[in-house]
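Since the structure comes first, as structure tokens, the remarks are kept for the end.
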Amino acid sequence: MTKAKIIGIMSVAFILLLSSSSLIFAEIWQTKAISLFSDDYYEQCMELTQEYKKDNLGLMFLTFSHLQEYTFNNTKYDKEKYKNYLMLLEDKTGSNDIENLLFFVDQKDKPAVVKAARRLLKAAFKNCTENEDVERLIPFLKISDDETNDLTLKTIQRIITPKRKVVSKGGTLRKKDIIMMSDPELIKALLEKVTVSSKAAKILVSIEEPVLKYMSGYDGEKIGKLENKINKAMSKRKKKYPESNWYSAIGKTRSHGRSEVGDGGDDG
Numbered sequence: 003m004t005k006a007k008i009i010g011i012m013s014v015a016f017i018l019l020l021s022s023s024s025l026i027f028a029e030i031w032q033t034k035a036i037s038l039f040s041d042d043y044y045e046q047c048m049e050l051t052q053e054y055k056k057d058n059l060g061l062m063f064l065t066f067s068h069l070q071e072y073t074f075n076n077t078k079y080d081k082e083k084y085k086n087y088l089m090l091l092e093d094k095t096g097s098n099d100i101e102n103l104l105f106f107v108d109q110k111d112k113p114a115v116v117k118a119a120r121r122l123l124k125a126a127f128k129n130c131t132e133n134e135d136v137e138r139l140i141p142f143l144k145i146s147d148d149e150t151n152d153l154t155l156k157t158i159q160r161i162i163t164p165k166r167k168v169v170s171k172g173g174t175l176r177k178k179d180i181i182m183m184s185d186p187e188l189i190k191a192l193l194e195k196v197t198v199s200s201k202a203a204k205i206l207v208s209i210e211e212p213v214l215k216y217m218s219g220y221d222g223e224k225i226g227k228l229e230n231k232i233n234k235a236m237s238k239r240k241k242k243y244p245e246s247n248w249y250s251a252i253g254k255t256r257s258h259g260r261s262e263v264g265d266g267g268d269d270g
């Protein structure tokens with residue numbers, strides 16, 4: 003083995019070691035920050051997370067620690083820091099941050115934090131605009147927090163509704179739209195919500211034909227009504243565009259990795 007090759011291998015190993023250490027250290031600081039914040043050691047939490055403020059979670063700990071310092075001491079400095087950091091987070095947060103924000107929402111003995119975290123949670127959902135966000139939001143359809151459930155449904159509906167309009171106006175969905183809308187996990191999670199949410203039913207009608215494949219596992223009056231609405235939507239589409247399938251007004255087929263797209267042979 004040549005000297006150059008040995009040096010190359012050692013360099014790669016060193017980089018991997020650094021990467022592993024960074025990941026372990028990241029977990030350590032986050033765990034420590036959670037402990038400090040939960041136990042009301044806000045100054046220590048700020049000292050710890052100051053160097054991680056480029057990370058959204060680190061910035062959250064700074065934001066809410068300054069808020070608590072202001073709440074207890076009425077300090078102008080902490081108020082200004084809190085407001086500035088909050089504005090930054092309102093622009094930066096998205097679907098990847100929702101789980102972390104729910105930690106702060108759950109701080110029931112810190113009402114100022116809960117209120118501010120709820121505000122940030124709304125901003126995070128508002129910043130969700132892409133298909134990829136829908137997949138990340140599915141777990142939040144299953145949690146017990148009603149406000150988060152509602153925000154999740156509204157956001158998914160906001161992302162999916164324009165896709166259905168593309169077809170109703172004569173267009174064809176993109177491959178990534180088809181994959182997102184026919185996701186079995188999304189459809190099943192929405193079907194679970196139909197009995198308690200009209201928004202879930204509306205989203206499923208927008209998804210249309212792929213939903214029918216999964217309805218046999220559910221029953222009840224609202225499920226029956228949903229099935230009728232989907233069938234009516236399909237009939238309306240076929241009447242307007244006889245050659246259509248659920249994702250294309252002209253019946254174009256898309257090759258992709260999910261069987262549902264090809265299922266529309268008879269109906270498109």
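Heads up: the sequence shown begins at 3 in this note's numbering, then just goes up one per residue.
Think of the CB as a built atom: it goes at the ideal place given N, C-alpha and C, for glycine as much as any other residue.
Remember, it's a predicted structure, so these values are computed and weren't measured experimentally.
LEU193 is a Cβ neighbour of TYR220, given a cutoff of 7 Å. With respect to the C-alpha of GLY96, the residue from LEU153, ALA35, ILE225 and SER257 having the closest C-alpha is LEU153.
Between ALA251 and GLY172, the gap from beta carbon to beta carbon is short of 7 Å.
Taking the CA atoms as reference points, ARG120 sits about 6 Å from VAL107. Its Cα nearest to that of GLU71, the residue TYR84 stands out among TYR84, LEU59 and LEU61. By the CB criterion at 7 Å, GLY60 and THR73 fall outside the cutoff. Per DSSP, the continuous alpha helix (DSSP H) segment holding GLU92 begins and ends at 78-94.
When the beta-carbon positions are compared, PHE127 and THR157 come within less than 7 Å of each other.
Of the other Cβ atoms in all chains shown, fewer than 16 fall within 10 Å of the Cβ of TYR79; this residue is therefore exposed.
If you compare the alpha carbons of SER199, TRP248 and LYS241 with that of LEU214, the shortest gap goes to TRP248. The criterion of a C-beta distance shorter than 7 Å is satisfied by SER208 and ARG166.
With a beta-carbon spacing of about 7 Å, MET182 and GLU137 fall inside the 8 Å limit used to define contacts. When C-alpha distances from TYR44 are compared across LEU91, PHE63 and LEU104, the shortest belongs to PHE63. Looking at ASP147, THR77 and MET89, the one whose alpha-carbon comes closest to that of GLU101 is ASP147.
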